[in-house]
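Engineer: In terms of this note's numbering, the sequence shown opens at residue 2 and continues consecutively. Even for Gly, the Cβ is constructed at its ideal location relative to N, Cα and C. Bear in mind the structure is a predicted one, so any value in this text is a computation, not a measurement. Here it is: the structure, laid out below.
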Amino acid sequence: MSNTNSGLLGIKDIVFMNVIAILSLRQIPNVAPYGASAMLLWVIAAFCLFFPLAMVCGELSTGWPKDGGIFVWIKEAFGKRIAWIVVVCFLFSCVLFFPLMLQFGFTALGYMIGGGLAENKAFIGIGSAVIFWLLTLMNIRGMEWTKIINSISAWCGVFIPSAILILLAVVWLCTGHQMQTDYTTAKNWIPDLGHWDTIVFLSSMMFAFAGLEVAPMIAGRTRNPQRDFPRAMAVSAAVIVGIYMVGT
2 MSNTNSGLLG IKDIVFMNVI AILSLRQIPN VAPYGASAML LWVIAAFCLF
52 FPLAMVCGEL STGWPKDGGI FVWIKEAFGK RIAWIVVVCF LFSCVLFFPL
102 MLQFGFTALG YMIGGGLAEN KAFIGIGSAV IFWLLTLMNI RGMEWTKIIN
152 SISAWCGVFI PSAILILLAV VWLCTGHQMQ TDYTTAKNWI PDLGHWDTIV
202 FLSSMMFAFA GLEVAPMIAG RTRNPQRDFP RAMAVSAAVI VGIYMVGT
């Protein structure tokens with residue numbers, strides 16, 4: 002029984018999966034120029050999209066606790082044909098998203114190493130393909146490998162960089178430097194929602210919360226979906242919104 006359960010997902014594993022699928026630190030510097038009003042913008046984005054999405058995903062995952070996620074939900078509501086169309090669209094978005102992220106990563110790595118690697122198409126293309134296939138083969142090996150990848154990615158890609166970012170901000174303030182954002186004035190906390198640019202930017206902030214539908218795709222491989230998914234969605238929402246706001 003212990004060997005069987007070791008290959009199943011728990012609350013921590015679902016939270017890690019949500020964090021690496023959704024949270025991106027590159028969103029923080031994009032939001033920072035809005036100053037104190039960015040805090041309220043994050044709250045608006047969370048309540049308008051993220052928290053309702055977390056509640057829906059948690060509820061549907063407990064109602065249909067099996068592999069398939071959005072395919073299962075849409076099939077129950079609209080039939081297999083519509084569910085197939087939705088999953089194909091979702092697949093295309095993933096097929097485009099992951100290689101682009103890998104290419105971005107290898108381009109950044111090329112700038113760090115130097116020697117013109119950032120413009121070297123062979124370095125970027127071959128490196129991205131190797132990592133893509135390596136991660137694919139590791140996931141095919143089973144859920145144990147998936148859990149290891151999730152854990153390493155969450156700690157090395159999100160939690161540790163976030164902690165370093167926050168620590169550097171604290172060091173900056175403790176060494177006598179002034180905070181660049183004025184949080185003491187009430188009007189600075191109120192975003193200009195009457196300006197069209199702010200509304201457009203708010204929609205991009207909502208997009209930063211997209212991705213909670215990924216984990217329910219393997220809900221059938223969870224130890225206790227009815228118990229774990231609602232709790233994991235609540236913890237994920239708190240962690241992701243918290244890091245976005247504190248980082249900003």
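Of all the options Gly80, Phe72, Phe79, which has the alpha carbon lying nearest to the alpha carbon of Val89?
Structural biologist: Within the sequence shown, the letter at position 88 stands for residue 89. The shortest C-alpha separation from Val89 is found at Phe72.
Engineer: With C-beta atoms as the reference, is Leu9 less than 8 Å away from Arg224?
Structural biologist: Position 8 of the sequence shown, counted from the first residue, corresponds to residue 9. Position 223 of the sequence shown, counted from the first residue, corresponds to residue 224. Result yes, Cβ atoms of Leu9 and Arg224 sit closer than 8 Å.
Engineer: Just confirm the distance between the C-beta atoms of Asp193 and Thr186, as a whole number of angstroms; I'd bet it's less than 8 Å.
Structural biologist: Position 192 of the sequence shown, counted from the first residue, corresponds to residue 193. Position 185 of the sequence shown, counted from the first residue, corresponds to residue 186. Not a contact, Cβ separation roughly 14 Å.
Engineer: Is the segment 168 to 179 close to the segment 29 to 42, with three or more CB pairs under 8 Å?
Structural biologist: Not touching, per the Cβ criterion.
Engineer: Starting from Ser205, trace the alpha helix (DSSP H) both ways and give me its first and last residue.
Structural biologist: Within the sequence shown, residue 205 is the residue found at index 204, counting from 1. Note, Ser205: alpha helix (DSSP H), 197 to 208.
Engineer: Quick check: the Cα distance between Ala22 and Thr137, rounded to an integer number of angstroms?
Structural biologist: To locate residue 22, count along the sequence shown from 1; it is residue 21. To locate residue 137, count along the sequence shown from 1; it is residue 136. Between Ala22 and Thr137, the C-alpha separation is close to 16 Å.
Engineer: Using the Cα positions of Ser129 and Phe99, report the straight-line distance between them to the nearest angstrom.
Structural biologist: Here residue 129 corresponds to residue number 128 of the sequence shown, with the count starting at 1. Here residue 99 corresponds to residue number 98 of the sequence shown, with the count starting at 1. Ser129 and Phe99: Cα-Cα distance of roughly 9 Å.
Engineer: Keeping to the same chain, check which residues put their C-beta closer than 7 Å to that of Leu203; ignore five residues upstream and five downstream.
Structural biologist: Along the sequence shown, read from residue 1 onward, the residue named residue 203 stands at position 202. So the list reads Leu42, Ile45, Ala46, once near-sequence residues are dropped.
Engineer: Give me the residue from Met56, Ile75, Gly106 with the minimum Cα distance to Leu213.
Structural biologist: For this step, residue 213 is matched to residue 212 along the sequence shown. For the residues Met56, Ile75, Gly106, the minimum Cα distance to Leu213 belongs to Met56.
Engineer: Okay, do the segment 74 to 92 and the segment 101 to 108 touch, 3+ Cβ pairs below 8 Å being the bar?
Structural biologist: No, they do not touch.
Engineer: In the DSSP assignment, what residue or residues form a beta bridge with Leu10?
Structural biologist: Your numbering for residue 10 matches position 9 in the sequence shown. Thr223.
Engineer: Any beta carbon from chain D within less than 8 Å of Ile167's own beta carbon?
Structural biologist: The structure shown contains no chain D; it is built from a single protein chain.
Engineer: With Ile244 and Leu24 assumed to form a contact (beta carbons below 8 Å), what rounded beta-carbon distance in angstroms separates them?
Structural biologist: Taking the first residue of the sequence shown as 1, we reach residue 244 at position 243. Taking the first residue of the sequence shown as 1, we reach residue 24 at position 23. Confirmed, Cβ separation roughly 6 Å.
Engineer: Could you check whether Ala233 and Ile15 sit closer than 8 Å to each other, using their CB atoms as the reference points?
Structural biologist: Looking up residue 15 in the sequence shown gives position 14. Looking up residue 233 in the sequence shown gives position 232. Going by C-beta atoms, Ile15 is nearer than 8 Å to Ala233.
Engineer: In the DSSP assignment, find the alpha helix (DSSP H) that holds Lys122 and state where it starts and stops.
Structural biologist: Within the sequence shown, residue 122 is the residue found at index 121, counting from 1. From DSSP, the alpha helix (DSSP H) with Lys122 extends over 122 to 141.
Engineer: State the Cα-Cα distance for the pair Ile29 and Met246, rounded to the nearest angstrom.
Structural biologist: Walking along the sequence shown from the start, residue 29 turns up at place 28. Walking along the sequence shown from the start, residue 246 turns up at place 245. The alpha-carbon atoms of Ile29 and Met246 are separated by roughly 8 Å.
Engineer: Under a three-way DSSP split, which group does Asp68 fall into?
Structural biologist: Stepping through the sequence shown from its first residue, residue 68 is reached at position 67. Asp68: strand per DSSP, three-state reduction.
Engineer: Hey, quick one: how far does the alpha helix (DSSP H) through Glu214 stretch, first residue to last?
Structural biologist: In the sequence shown, the residue the question calls residue 214 occupies position 213. Where Glu214 is concerned, there is no enclosing alpha helix (DSSP H), given that its DSSP letter is neither H nor E.
Engineer: Could you tell me the boundaries of the alpha helix (DSSP H) in which Tyr112 lies?
Structural biologist: Reading the sequence shown from its first residue, position 111 is the one you call residue 112. 81 to 114 is the span of the alpha helix (DSSP H), which, as asked, contains Tyr112.
Engineer: Is Met180 helix, strand or coil when you go by DSSP?
Structural biologist: As a first step, residue 180 must be located in the sequence shown, where it is residue number 179. Correct three-state label for Met180: coil.
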